[in-house]
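Residue numbers (the working numbering): 1 to 95.
Notes for the one structure printed next.
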């Protein structure tokens, strides 16, 4: 099953985001311990493209519990960068 993680940064989180960026990238390099696979991911940006304002992940996982565990373990979550995180599951369309 596929899941989308949509995470919006809290106001003023950019310096903390940048300070934790290397740890976040290292964390994303091996997701096998959570039983999830990142299909795609990247930062969300402001409408003018000038500022990172959140994160978006498309995750393949057996279930929501694995996605929630993966998300909780992210260094960005531990640093309190995200103000709001929404996890939504969806089925892959065939054809």
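Where a beta carbon is used, it is the ideal one built from N, C-alpha and C, also for glycine.
Note that the structure is a prediction, hence the values are computed from the model and not measured.
Taking the alpha helix (DSSP H) that residue i falls in, what are its first and last residues?
| i | result |
| --- | --- |
| residue 28 | 21-28 |
| residue 67 | 64-73 |
Which partner residues does residue i have in the DSSP bridge list?
| i | result |
| --- | --- |
| residue 52 | 45 |
| residue 57 | 5 and 41 |
What first and last residue would you give for the beta strand (DSSP E) that runs through residue i?
| i | result |
| --- | --- |
| residue 87 | 82-90 |
| residue 4 | 2-9 |
Can you list, in chain order, the residues of its chain whose CB lies under 8 Å from that of residue i, leaving out five sequence neighbours each side?
| i | result |
| --- | --- |
| residue 27 | 73, 74 and 75 |
| residue 70 | 31, 34, 36, 59 and 61 |
For residue i, which residues of its own chain have a beta-carbon under 6 Å away from its beta-carbon, when the five flanking residues on both sides are left out?
| i | result |
| --- | --- |
| residue 8 | 54, 83 and 84 |
| residue 88 | 4 |
| residue 81 | 9, 13, 16 and 17 |
Inter-stretch contact (C-beta, 8 Å, three-pair minimum) for the stretch 74-84 and the stretch 31-44: The stretch 74-84 is not in contact with the stretch 31-44.
Inter-stretch contact at 8 Å, needing at least 3 Cβ pairs: the stretch 8-25 / the stretch 57-65: Output reads no: the stretch 57-65 does not touch the stretch 8-25.
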